[in-house]
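Same order as they appear, the protein sequences are chains A and B.
Our numbering numbers the first residue of the first sequence as 314 and each following residue consecutively.
Our numbering numbers the first residue of the second sequence as 275 and each following residue consecutively.
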Amino acid sequence: SQKIEQNSEALNIQEGKTATLTCNYTNYSPAYLQWYRQDPGRGPVFLLLIRENEKEKRKERLKVTFDTTLKQSLFHITASQPADSATYLCALANTGGFKTIFGAGTRLFVKA
Amino acid sequence: GAGVSQSPSNKVTEKGKDVELRCDPISGHTALYWYRQRLGQGLEFLIYFQGNSAPDKSGLPSDRFSAERTGESVSTLTIQRTQQEDSAVYLCASSPRSVTGQGSPLHFGNGTRLTVT
Numbered sequence: 314s315q316k317i318e319q320n321s322e323a324l325n326i327q328e329g330k331t332a333t334l335t336c337n338y339t340n341y342s343p344a345y346l347q348w349y350r351q352d353p354g355r356g357p358v359f360l361l362l363i364r365e366n367e368k369e370k371r372k373e374r375l376k377v378t379f380d381t382t383l384k385q386s387l388f389h390i391t392a393s394q395p396a397d398s399a400t401y402l403c404a405l406a407n408t409g410g411f412k413t414i415f416g417a418g419t420r421l422f423v424k425a
Numbered sequence: 275g276a277g278v279s280q281s282p283s284n285k286v287t288e289k290g291k292d293v294e295l296r297c298d299p300i301s302g303h304t305a306l307y308w309y310r311q312r313l314g315q316g317l318e319f320l321i322y323f324q325g326n327s328a329p330d331k332s333g334l335p336s337d338r339f340s341a342e343r344t345g346e347s348v349s350t351l352t353i354q355r356t357q358q359e360d361s362a363v364y365l366c367a368s369s370p371r372s373v374t375g376q377g378s379p380l381h382f383g384n385g386t387r388l389t390v391t
């Protein structure tokens with residue numbers, strides 16, 4: 314069955330460092346991959362989308378890579394800030410895009 | 275503009291009762307999704323609407339769950355004869371996704387927290 318794996322352990326980093334989160338998937342050939350941020354008690358908020366024919370996407374301090382051979386995406390936050398502390402969710406969708414499936418998320422803590 | 279609105283924000287119900295959860299999508303968004311999120315877990319896909327048609331109901335956990343949508347507007351998720359295992363946050367999202375699927379992001383509401391006692 315289709316599976317998305319994100320590191321279930323929380324990631325603790327120091328302010329100013331780069332945070333790197335991993336998303337691995339199996340039994341799926343997504344047309345595109347998305348990253349969302351979720352704060353406690355709130356719905357997820359869209360951050361970045363990368364398509365299967367793109368290797369890398371950047372937006373301000375965020376960078377996403379997508380390796381369809383390894384079936385892996387890496388999400389980087391450079392110059393991290395305490396305000397970046399949240400849960401980050403990886404999501405995949407096929408060409409039809411109807412059924413977007415999500416990973417369980419990785420909790421990030423940025424210490425001042 | 276207004277985002278996705280869900281009501282109620284919290285619902286406590288007794289086991290065996292029926293509940294209705296409401297979602298008001300962003301105006302003009304043709305696609306609407308329902309997800310369930312149990313405590314500390316990821317989002318579990320329930321159902322997807324394109325307009326008022328539901329091409330994919332594969333995620334509905336049982337026949338106690340049903341959903342409707344009026345045109346490209348409000349959707350309701352109904353859970354009949356609630357069980358304690360139904361306790362979770364139910365999230366709704368909308369998207370301006372076209373039939374061809376261009377990878378539009380999902381816009382989420384803040385969810386309805388359902389507690390079945």
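Backbone N, C-alpha and C define an ideal beta-carbon position, used for all residues, glycine too.
Predicted model only: the values in this text are computed from it and were never measured.
Using DSSP with H/G/I as helix, E/B as strand and the rest coil, what is residue i?
i: residue 343(A); result: coil
i: residue 362(B); result: strand
i: residue 396(A); result: helix
i: residue 337(A); result: strand
i: residue 402(A); result: strand
i: residue 324(B); result: strand
i: residue 298(B); result: strand
i: residue 381(B); result: strand
i: residue 357(A); result: coil
i: residue 279(B); result: strand
i: residue 312(B); result: coil
Run down chain A in chain order and give the residues with a C-beta less than 7 Å from the C-beta of residue i.
i: residue 339(B); result: By Cβ distance, chain A contributes nothing, its closest Cβ being about 16 Å from residue 339(B), past 7 Å.
i: residue 380(B); result: 359 and 413
i: residue 364(B); result: Going along chain A, no residue has its Cβ under 7 Å from residue 364(B), so there is no contact; the nearest lies around 11 Å.
Roughly how many angstroms lie between the CA atoms of residue i and residue j, to the nearest whole one?
i: residue 348(A); j: residue 341(B); result: 27 Å
i: residue 328(A); j: residue 423(A); result: 6 Å
i: residue 315(A); j: residue 307(B); result: 19 Å
i: residue 380(A); j: residue 407(A); result: 15 Å
i: residue 343(A); j: residue 405(A); result: 6 Å
i: residue 312(B); j: residue 387(B); result: 10 Å
i: residue 291(B); j: residue 344(B); result: 24 Å
i: residue 286(B); j: residue 368(A); result: 46 Å
i: residue 338(A); j: residue 295(B); result: 32 Å
i: residue 300(B); j: residue 283(B); result: 17 Å
i: residue 402(A); j: residue 389(B); result: 24 Å
i: residue 349(B); j: residue 381(B); result: 15 Å
i: residue 351(B); j: residue 323(A); result: 33 Å
i: residue 353(B); j: residue 425(A); result: 44 Å
i: residue 303(B); j: residue 357(A); result: 17 Å
Going by DSSP, name the residue or residues bridged to residue i.
i: residue 370(A); result: 377(A)
i: residue 343(B); result: 349(B)
i: residue 351(A); result: 400(A)
i: residue 386(A); result: 336(A) and 379(A)
What in chain A is Cβ-close to residue i, meaning under 9 Å?
i: residue 384(B); result: 354, 355 and 356
i: residue 299(B); result: Correct list: empty, because the minimum Cβ distance to chain A is about 13 Å.
If you measure from the beta carbon of residue i to each beta carbon in chain B, is any gap under 7 Å?
i: residue 379(A); result: no
i: residue 399(A); result: no
i: residue 323(A); result: no
i: residue 422(A); result: no
Would you say residue i lies against chain A (beta-carbon separation less than 7 Å)?
i: residue 357(B); result: no
i: residue 319(B); result: yes
Which residues in chain A have a C-beta closer than 8 Å to the C-beta of residue i? List them in chain order.
i: residue 315(B); result: 417
Name the chain B residues that come within less than 7 Å of residue i, Cβ to Cβ?
i: residue 429(A); result: No answer is possible for residue 429(A): the residues shown for chain A start at 314 and end at 425.
Under 9 Å between beta-carbons, which chain B residues line up against residue i? List them in chain order, please.
i: residue 433(A); result: Nothing can be reported for residue 433(A), as the shown portion of chain A is limited to 314 through 425.
Please tell me whether, using a cut-off of 6 Å, the distance from the CB of residue i to the nearest non-hydrogen atom of the ligand PLP is below it.
i: residue 339(B); result: The ligand PLP is not part of this structure, which contains no ligands at all.
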